[in-house]
């Protein structure tokens, strides 16, 4: 099969978007307005199409992303998105061909990792990606949570909750988001266009429904968090309100702000259920409630996948709470980062370089991606047979070094 892989040009963008919609089983209709909106922000040099006799049969797009890592630093990521193969061309190695070329180009650019949100779990491990951050959604039964029915929704720490609007969120949101990323790994940066789209401006793929916004300010007036949420309008047969408030975005850069915003949501009149939206698996929400069982897990799944392209950048771009040394044998069938690496880490900093010293642990590059943001246990991966312990006790030492105090969180689908 003779297929051409290349960036699309402006005239081909409409057909490329139709192929994207076909791949995701959405109606293959694209308006001129959507084409114009997309053209304004897409980097066409990184918007790839696979052509069969002039027709787009597969799509693949990347963009530069800043991904927060443990300790407040960031990694430059090759963010992969809008990956599709048309039903007529599946199982022919199309994605493998495109992915190989993209990862090689990303490494050549100097990107530390590639990142993506996987629509299906089994696809990307074969390319060296590993799930590095998971997400959980809760449904809170407010009526059984045990909260004081006289609660006002205002925090008790001297701070305040104030209603807001999209215009204010576009102004204050980016800084709150940046501050949050400094205390939580796995957070991708948000471009100005994303803040506009997330508050009702710009192109919308679905009809826009204006949410409610609330902002938390500390006692000194410092903006430390905000929430966007929507509510339905339901009443039971006894004429009692049984509404559900669903969180679209809750960003807090301090524990006080996070606690205050959750308590505010659980104090809304007429609301009997709060849906949390996609949160970190160790979110404080359940334990804020006098009865944590009122928060029922409705979804728990992999979210952010990471493919390591530069071992040294990944391991030295983060902080470490303790000191130690590890030698890792990294296996990479794609030949991008395979080899042996020595990590010398301490709270003061870290060094990582290739070495000929005996390895403590051997692992595939996909498992290194899984460990890259401090979420997974090396001991558990050894027990699963996915990491090989070559030096006795190395898995425990690795856990002490690599695991983060808080689990990583990717709040955005990209």
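Numbering (the numbering used here), first residue to last: -18 to 395. C-beta atoms are modelled at their ideal positions from N, C-alpha and C, and glycine is treated no differently. Predicted model only: the values in this text are computed from it and were never measured.
- Between residue 43 and residue -10, the C-beta gap is not smaller than 8 Å, which leaves the two residues out of contact.
- Contact between residue 308 and residue 338 is confirmed by a C-beta separation of about 5 Å, below the 8 Å threshold.
- By the C-beta density criterion, residue 102 is exposed, having fewer than 16 other C-beta atoms within 10 angstroms.
- Cβ neighbours of residue 355 within its own chain (closer than 7 Å, five residues either side excluded): 51, 166, 383, 384, 385, 389.
- Here DSSP, grouped into helix, strand and coil, assigns residue 190 to coil.
- Under the Cβ criterion (8 Å, minimum of three pairs), the region 119 to 133 does not count as touching the region 0 to 20.
- Counting along the chain, the unbroken beta strand (DSSP E) around residue 205 starts and ends at 204 to 212.
- Between residue 229 and residue 183 the beta-carbon gap is near 16 Å, outside 8 Å, which marks them as no contact.
- If you draw a 10 Å sphere on the C-beta of residue 236, you find fewer than 16 other C-beta atoms in it, and that means exposed.
- Non-local beta-carbon contacts of residue 223 in its own chain, meaning distances under 6 Å to residues more than five positions away in sequence, involve 215, 217, 253 in chain order.
- The C-alpha of residue 377 is placed about 43 Å away from the C-alpha of residue 4.
- Cβ contact annotation for residue 22 (same chain, cutoff 6 Å, sequence separation greater than five): 174, in chain order.
- Checking the DSSP bridge columns, you'll see residue 176 has no partner listed.
- Between the C-alpha atoms of residue 204 and residue 191 there is a straight-line separation of about 22 Å.
- Beta-carbon to beta-carbon, residue 240 and residue 265 are separated by about 7 Å, close enough to satisfy the 8 Å threshold.
- In this structure residue 395 does not touch residue 155 by the C-beta definition: roughly 16 Å separates them, more than the 8 Å allowed.
- DSSP, read as helix, strand or coil, puts residue 332 in strand.
- Under the three-state reduction of DSSP output, residue 185 falls in the coil class, being neither helix nor strand.
- Under the three-state reduction of DSSP output, residue 351 falls in the helix class.
- Between residue 58 and residue 283, the gap from beta carbon to beta carbon reaches 8 Å or more.
- For residue 49, the enclosing beta strand (DSSP E) begins and ends at 36 to 49.
- Taking all protein chains shown into account, residue 136 has 16 or more neighbouring C-beta atoms within 10 Å of its C-beta and is therefore buried.
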